[in-house]
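>
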Amino acid sequence: MKRDRMPYIPPAERATPDLDSGKYLLMWQGPQHPGITGNMSLRLVIEGDTVVDCETHVGYLHRGFEKLMERRSWMQNFPLVCRIAVPEPDFNEYCYAAALEELSGIQIPEKAVWLRTFSLELMRLASYLMWIGGQAGSFGHGTIIQWSATMRDYVLDLFEELTGGRIYHMYIIPGGVRGDVPAGYFKHVLEVMDTVQKNLDDIELVMYHNAVFKLRAEGLGYIPPDWIDRYGITGPNARAAGIKRDLRKDLGYLAYPQLEFQPVVGSKSDAFERARLRLQEMYQCIDLIRQCIDLMPKEGPFRAKTPNPLYWKVPAGETYVAAECTRGEYGFYVVSDGSEKPRRVAVRGPSYTHAVSVMERLVRGVNIADVAGLMVSLHTYPPEIER
Amino acid sequence: MNELAERLARRYDAEGWHEQRKDLASISIPALRVRDVLAWLRDEEGYKHLSFITAIDNIERGVFTLTYTVRNHDTKHSLMVHADIIRENPVVDSVHLLWEQAWTYQRELKEWFGIDCPGSPRKDEEFVLEGWDQLPMMRRDFDSLAYSNATYAERPGRVTHDPAAYMKAQLYPEADQ
Chain A
0 MKRDRMPYIP
10 PAERATPDLD
20 SGKYLLMWQG
30 PQHPGITGNM
40 SLRLVIEGDT
50 VVDCETHVGY
60 LHRGFEKLME
70 RRSWMQNFPL
80 VCRIAVPEPD
90 FNEYCYAAAL
100 EELSGIQIPE
110 KAVWLRTFSL
120 ELMRLASYLM
130 WIGGQAGSFG
140 HGTIIQWSAT
150 MRDYVLDLFE
160 ELTGGRIYHM
170 YIIPGGVRGD
180 VPAGYFKHVL
190 EVMDTVQKNL
200 DDIELVMYHN
210 AVFKLRAEGL
220 GYIPPDWIDR
230 YGITGPNARA
240 AGIKRDLRKD
250 LGYLAYPQLE
260 FQPVVGSKSD
270 AFERARLRLQ
280 EMYQCIDLIR
290 QCIDLMPKEG
300 PFRAKTPNPL
310 YWKVPAGETY
320 VAAECTRGEY
330 GFYVVSDGSE
340 KPRRVAVRGP
350 SYTHAVSVME
360 RLVRGVNIAD
370 VAGLMVSLHT
380 YPPEIER
Chain B
0 MNELAERLAR
10 RYDAEGWHEQ
20 RKDLASISIP
30 ALRVRDVLAW
40 LRDEEGYKHL
50 SFITAIDNIE
60 RGVFTLTYTV
70 RNHDTKHSLM
80 VHADIIRENP
90 VVDSVHLLWE
100 QAWTYQRELK
110 EWFGIDCPGS
120 PRKDEEFVLE
130 GWDQLPMMRR
140 DFDSLAYSNA
150 TYAERPGRVT
160 HDPAAYMKAQ
170 LYPEADQ
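Taken in sequence, the protein lines are chains A and B.
Following numbering that gives the first Met the number 0, the numbering of the first sequence begins with 0 at its first residue and continues without gaps.
Following numbering that gives the first Met the number 0, the numbering of the second sequence begins with 0 at its first residue and continues without gaps.
1. Please check if any C-beta of chain A sits within less than 8 Å of the C-beta of A163(B).
2. According to DSSP, what are the bridge partners of L124(A)?
3. Is there contact here, the stretch 329–340 of chain A with the stretch 208–222 of chain A, by at least three beta-carbon pairs under 8 Å?
4. So, with DSSP's three-state summary, where would you put C53(A)?
5. What are the boundary residues of the alpha helix (DSSP H) that V80(A) is part of?
6. Can you have a look at V183(A) and say buried or exposed, based on whether 16 or more other CB atoms are within 10 angstroms of its CB?
7. Is it right to say D269(A) is buried, meaning 16 or more other beta carbons lie within 10 angstroms of its own, or is it exposed?
8. Please tell me whether H160(B) has its Cβ less than 8 Å away from any Cβ of chain A.
9. Taking Cβ-Cβ distances shorter than 8 Å, what residues in chain B pair up with D249(A)?
10. Of all Cβ atoms in chain A, is any one closer than 8 Å to the Cβ of P172(B)?
11. Would DSSP call D3(A) helix, strand or coil?
12. Which of helix, strand or coil does DSSP assign to R70(B)?
13. Return the CA-CA distance between K340(A) and C324(A), expressed in angstroms with no decimal places.
14. Could you check which residue in K122(B), S77(B), D73(B) and M79(B) has the C-alpha nearest to that of D92(B)?
15. Give the DSSP bridge partners of T93(B), in chain order.
16. List, in order along the chain, the chain B residues whose C-beta lies closer than 9 Å to that of K312(A)?
17. Return the chain-ordered ranges of every alpha helix (DSSP H) run that is complete within the stretch 92–176 of chain B and spans a minimum of 4 residues.
18. At 4 residues or longer, and completely inside the stretch 78–150 of chain A: list those alpha helix (DSSP H) runs for me, N to C.
19. Taking CB distances under 8 Å as the criterion, tell me whether S27(B) reaches chain A.
20. If we require 4 or more residues per run, which alpha helix (DSSP H) segments fall completely within the stretch 197–239 of chain A?
21. Thinking just about the alpha-carbon of each residue, which of V370(A), R326(A) and H56(A) is nearest to the one in D245(A)?
22. To which residues does DSSP link L253(A) through a beta bridge?
23. Express the C-alpha separation of T142(A) and D397(A) in angstroms, rounding to a whole number.
24. Determine, using beta carbons only, whether D22(B) comes closer than 8 Å to chain A.
25. Count Cβ pairs between the stretch 50–67 of chain B and the stretch 0–16 of chain B that sit closer than 8 Å; are there 3 or more?
26. Less than 8 Å between CB atoms is the rule here; does S143(B) satisfy it with respect to chain A?
27. Taking 8 Å as the threshold, find out whether the stretch 217–237 of chain A comes into contact with the stretch 283–301 of chain A through three or more Cβ pairs.
28. With a 10 Å radius around its C-beta and 16 neighbouring C-beta atoms as the bar for buried, classify S266(A) as buried or exposed.
29. Could you tell me the distance, in whole angstroms, from the CA atom of N198(A) to the CA atom of M150(A)?
30. With distances taken Cα to Cα, identify the nearest neighbour of G175(A) among E328(A), R302(A) and M281(A).
31. Find out if the Cβ-Cβ distance for the pair V375(A), G133(A) is shorter than 8 Å.
32. If you reduce the DSSP assignment to three classes, tell me which class V180(A) lands in.
33. On a CA-only basis, which of A321(A), R229(A), L258(A) and G364(A) is nearest T388(A)? Give me that one, please.
34. Quick one: is K243(A) buried, meaning 16 or more other Cβ sit within 10 Å of its Cβ, or exposed?
35. Taking DSSP's pairing of strands, which residues face L287(A) in a bridge?
36. Please report how far the alpha carbon of T379(A) lies from the alpha carbon of T36(A), in whole angstroms.
This is the structure we're talking about:
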């Protein structure tokens, strides 16, 4: 069966398999399963070893961040927002901080603009290193995760040196960043970038030229280009289908307009193409980090004056601030009624689309052994669905 | 973009165009025109990408304000389309036939706010919550603190401070003297 020839079935007209017929098997993948990228589960209906139906189930984390934020002051919310997406908390910090600054009319110093760009690219690299281990592991390739987890740890060392934290950094704060770079820091960064780049060369040889990986990933999870707008697909999943969209270019936020890069675009739109594209984006991250270090002002303030956080009343208004994270469009919709607490904060994570509507559609017709590989190829992260 | 505001006003009685940034604006439309306006924006004006759907509980005015954020990738412009619906028996047209991911947002609206979108697939299925029998949790009149106090036991030895008063005492002890 050609995977890209599966007939399109909209959710409302989905076939309902008769589970009493004895022809199908109902099974759950997750929430505790090595093939699930976070606390989420897939309710799969299997015929033989082929998936005929899938439902995504979330709700295992019991968090309710958006409700909690309505009861807390603007700055009290700050330690919450980074916890919405563990692999790349900095994008949450940036979107929330930028929304507050926009509503409050705060201009951040140029050095803070560059330090934010630098830390977001470093975060992107760490997130991709985590992803590539999962992608290889989901196809039975256990060596890569050993390498990429080590490389990610080196990057987390850099975060620890810069911010004091390895996972949650709380570095990008309203008004700028929390601190300047320590002495000799960029020298360490460049050394780590050289090490990671060399390791990526090895990963490319071992993983991307591996026959098993190619055979299983090619043709798996094909996303037709006309699905991109229909399903709201963004990020590498859209670019692998030949759609040249990258919010870093399209919105031109932070220092990205001053950096030289072009969005990486693919064409085949299957799991292998998405993996290939993300590898190229990892090299691009390293290049952007080096560019940031070269172009960043060496002197100057890194934080603007902000109101007393205990009594900060953000002027009434609303805004939506989006950024390009590793998985696509990440955004914060923030509404203020002029008080000391947000009226509403809504988080738009790319996994909301990729892990539910797209995943449920793509997994039909896939071999049960390839479900994990397909899911990781969409780079989903369930906690950003359950905000 | 003001031309778009004029066209929306002429065709759909839209009002309150507000330019938040050069790449972001908002406008309010009558709730009965939601599907028409979004279909027109998608098919005629190039706003093909639905970023998200959410709601704000404006309990003081007795309405939920729905927000549909759409993007035109050619002009790099995003538009937040607002529509007010009454809080009592809140119902709005479903847009799941315009965008395939919209049904998930509408399922969330039902569970979190109690807003019904008739015809939206699986809208009555549990989404994030399980066995929830309280007011929809994102409504302003759902008191999460009272619910927490009534549902969960207090941990022995736990002390709670008012954050502002506590931090003020820590940071500016002389102010209290």
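By construction, the Cβ of each residue, glycine as well, lies at the ideal position given by its N, Cα and C atoms.
For this structure:
1. yes
2. Residue pairing by DSSP places L124(A) in no beta bridge whatsoever.
3. no
4. strand
5. F77 to V80
6. Correcting the residue identity first, residue 183(A) is Gly in this sequence and not Val. G183(A) is exposed by the Cβ-count criterion.
7. buried
8. no
9. H72 and K75
10. Chain A contact via Cβ: absent.
11. Low per-residue confidence applies at D3(A): pLDDT is 49, beneath 50, and the placement is therefore not dependable, though the value from the model is reported in the following sentence. In the structure shown, D3(A) sits in a helix (DSSP, three-state: H, G or I).
12. strand
13. 27 Å
14. K122(B)
15. First, the residue type needs correcting, since residue 93(B) is Ser and not Thr in the sequence shown. BP columns for S93(B) are empty, so no partner.
16. Ordered by position in chain B, no residue passes the 9 Å Cβ test against K312(A), which lies about 13 Å from the chain.
17. 101–112, 143–150 and 162–170
18. 88–103 and 109–137
19. no
20. 210–216, 226–230 and 235–238
21. R326(A)
22. BP columns for L253(A) are empty, so no partner.
23. What is shown of chain A runs 0 to 386, which leaves residue 397(A) out entirely.
24. yes
25. no
26. yes
27. no
28. By the neighbour-count criterion, in which a residue is buried when 16 or more other Cβ atoms sit within 10 angstroms of its Cβ, S266(A) is exposed.
29. 8 Å
30. R302(A)
31. A contact, by the Cβ cut-off of 8 Å.
32. coil
33. Absent from the model: residue 388(A). The displayed extent of chain A is 0 to 386, so no value can be given.
34. K243(A) counts as exposed, since fewer than 16 other C-beta atoms from the protein chains shown sit within 10 angstroms of its C-beta.
35. Answer is none; L287(A) lacks a bridge partner.
36. 7 Å
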